[in-house]
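Colleague: Quick one: this structure, given as structure tokens, is what I'll be asking you about.
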Amino acid sequence: MYDGVFQVLRNSRSLELAVASFHLLMDLGKQYPRTYLTDSDGHQSLVVVKESWLPFLIGNGSLSSEIGGNARISDHLFDPSRFSLLIEAMVERTNPTDDNNGIKAIENMMLFQYLVNTLEADFVPRHIAYKQSLDWVIFRESLLNMLLGSRKLVFKSFVKNCMYLLLNQFHPEAKDAVEGSIPSEGEAKSASDMHSSLNYFLLESERTLVSLRKLFVMVMELDLIRKEVDTLGLTSRADGFRNPITEVILEELTYNISYLSPFLLAFMERKWKLNIILQYFSKYCAKGAVRTRRSDSSQQDLKLGSVLSFFLTTTSAKAIVKKMGTEVAQLLLAHAYQVCLSVQSDSSDSTATTEKIGASLQEISCNFIYAFQNLRKVGLNIQISPFEKEALFTAATLSRKLKNEER
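Heads up: the sequence shown runs through residues 1 to 407, numbered per the UniProt record's numbering.
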């Protein structure tokens, strides 16, 4: 049943059929999970039903008997290379008003959403189990780790294409209601009857953006865990090696400055967004350290409070601006301050982010204002964007308020 429905989704000839098959696959995944946790004497155990059908073909050989289902009918399944090609196809511009192209583009987006959902359904229970046992094997055997570790997938190109897709799919005016939503068959029928595939195309673009963010976060979480076990000496050569996703993202943002602002707007996961900003600053604010395979990176120790201290004198601000540019410094500081405000308004699961901030909101607000004042002294003709002006206004208001409360 799984395999047949998946083939329908891959080769659908109508929007209504694509949505119906997508819904059925999602429902089957919820009803019959391949990876899940069971409670046993107050302890959660990980269960992996290796015989379950999967849309992926991953293994050392051309086919895997444990992963991918029936080897006799597997040409429609996704190996690492085909998964990468799906991203490339989505990056290419498509005319959604053309019936055939429009349906194919929506089909690709739904395929991507379903594949990411499958990766997430395997990743989340493994993450919970790993926190309890600290057993690297749990993640070594995860779908995501095997997919990204395959030689059939060129990781650097894959991440760059995901970044391009993230920038292309992002629409600031989109409603938050799209987050976590699933297209209904009624929506598809309406779109089909009214020939209004363009609106549905835009809606699916937003849902694809949500899946892209999930994929980025999962890879970053995996990299963090890999770094932990690397430091403890629990990995081996058999685990292979690839650059962390944040390094690839930083390289792309450094050499393509025009991507920086739209990427920071599109990628809203505050913990990882702040981490990227701090690592960007660390290239210019902190002295580099030699990084070995099993050593901590000095970049990880940099906190926002420390970054702001580099801008508290015109001399140090001038030295940094000379390397990275005033506009980039202002943009990064404004987005970092936005993360601080979001953590303040929502304290749930923000411990790691708070540690990265490294100072109170009052200290951050005051130093943020001082930083912009010194940046203006360094560059007399600098322009401040509306987003940065709003951040400065908020910082000034909060700073006064917090000082008055202390009295």
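Don't be surprised by glycine CBs; every beta carbon is placed ideally from N, CA and C.
Identify the residues that DSSP records as bridge partners of Phe78: which are they?
Modeller: Translated into the one-based positions of the sequence shown, residue 78 becomes position 78. Looking at the DSSP assignment, Phe78 forms a beta bridge with Phe56.
Colleague: Which residues share a DSSP beta bridge with Leu46?
Modeller: Residue mapping note: residue 46 aligns to position 46 of the sequence shown, counting from 1. Answer is Leu37, bridged to Leu46.
Colleague: As a quick exercise: from Pro244, Glu363, Val328, Lys356, pick the residue whose alpha carbon is nearest that of Ile382.
Modeller: Mapped onto the sequence shown, residue 382 falls at position 382. That would be Val328, whose Cα lies nearest to the Cα of Ile382.
Colleague: Give me the Cβ distance between Leu166 and Leu234, rounded to the nearest whole Å; I'm assuming they're in contact under 8 Å.
Modeller: Sequence index remark: in the sequence shown, residue 166 carries index 166 (1-based). Sequence index remark: in the sequence shown, residue 234 carries index 234 (1-based). The pair is not a contact, with the Cβ atoms about 32 Å apart (cut-off 8 Å).
Colleague: In its own chain, which residues sit with a C-beta less than 7 Å from the C-beta of Ile257, not counting the 5 before and 5 after it?
Modeller: As a first step, residue 257 must be located in the sequence shown, where it is residue number 257. These residues qualify, in order along the chain: Val328.
Colleague: Can you give the beta carbon distance from Leu147 to Phe83, rounded, assuming they're within the 8 Å contact cut?
Modeller: As a position in the sequence shown, residue 147 is number 147, starting the count at 1. As a position in the sequence shown, residue 83 is number 83, starting the count at 1. Yes, Leu147 and Phe83 are in contact; Cβ-Cβ is about 7 Å, under 8 Å.
Colleague: CA-CA distance, Val124 and Tyr2?
Modeller: Position 124 of the sequence shown holds residue 124. Position 2 of the sequence shown holds residue 2. If you take the alpha carbons of Val124 and Tyr2, they lie about 22 Å apart.
Colleague: Can you find the residues in the same chain that come closer than 8 Å, C-beta to C-beta, to Leu402, ignoring five residues on each side of it along the sequence?
Modeller: On the sequence shown, residue 402 is found 402 positions in, with the first residue counted as 1. Correct list, in chain order: Leu361, Gln362, Ser365.
Colleague: According to DSSP, simplified to helix, strand and coil, what is Trp136?
Modeller: Residue 136 sits at position 136 when you count from the first residue of the sequence shown. Three-state result, Trp136: coil.
Colleague: Tell me whether Phe158 is buried or exposed, calling it buried when 16 or more other Cβ atoms sit within 10 Å of its Cβ.
Modeller: Here residue 158 is taken as the residue at index 158 of the sequence shown, counted from 1. Buried, by the Cβ-count rule.
Colleague: Along the alpha helix (DSSP H) that carries Asn161, what are the first and last residues, could you check?
Modeller: To locate residue 161, count along the sequence shown from 1; it is residue 161. Note, Asn161: alpha helix (DSSP H), 155–169.
Colleague: What residue range does the alpha helix (DSSP H) around Phe393 cover?
Modeller: The count along the sequence shown starts at 1 and reaches residue 393 at position 393. Start and end: 386–406.
Colleague: How about Pro55 and Phe22: are their beta carbons less than 8 Å apart?
Modeller: To locate residue 55, count along the sequence shown from 1; it is residue 55. To locate residue 22, count along the sequence shown from 1; it is residue 22. No.
Colleague: Any idea what DSSP makes of Met1, helix, strand or coil?
Modeller: Reading the sequence shown from its first residue, position 1 is the one you call residue 1. Three-state result, Met1: coil.
Colleague: Is Ile277 buried or exposed, if buried means 16 or more other CB atoms sit within 10 Å of its CB?
Modeller: Residue mapping note: residue 277 aligns to position 277 of the sequence shown, counting from 1. Answer is buried; the Cβ neighbour count reaches 16.
Colleague: Keeping to the same chain, check which residues put their C-beta closer than 8 Å to that of Ser399; ignore five residues upstream and five downstream.
Modeller: As a first step, residue 399 is located in the sequence shown; it is residue number 399 there, counting from the start. Excluding sequence neighbours, Ser399 sits near Gln362, Ser365, Cys366, Ile369.
Colleague: Hey, Phe139 and Leu222: beta-carbon distance below 8 Å or not?
Modeller: For this step, residue 139 is matched to residue 139 along the sequence shown. For this step, residue 222 is matched to residue 222 along the sequence shown. A contact, by the Cβ cut-off of 8 Å.
Colleague: Under 8 Å, do Met90 and Met110 count as touching if we go by C-beta distance?
Modeller: Within the sequence shown, the letter at position 90 stands for residue 90. Within the sequence shown, the letter at position 110 stands for residue 110. Cβ distance not < 8 Å, so Met90 and Met110 don't count as in contact.
Colleague: I need the boundaries of the alpha helix (DSSP H) containing Met268, first residue and last residue.
Modeller: Counting from one through the sequence shown, the residue named residue 268 turns up at place 268. Element bounds for Met268: n/a, residue is neither H nor E.
Colleague: For Glu16, name the three-state secondary structure that DSSP assigns.
Modeller: Position 16 of the sequence shown holds residue 16. Residue state, collapsed to three classes: helix.
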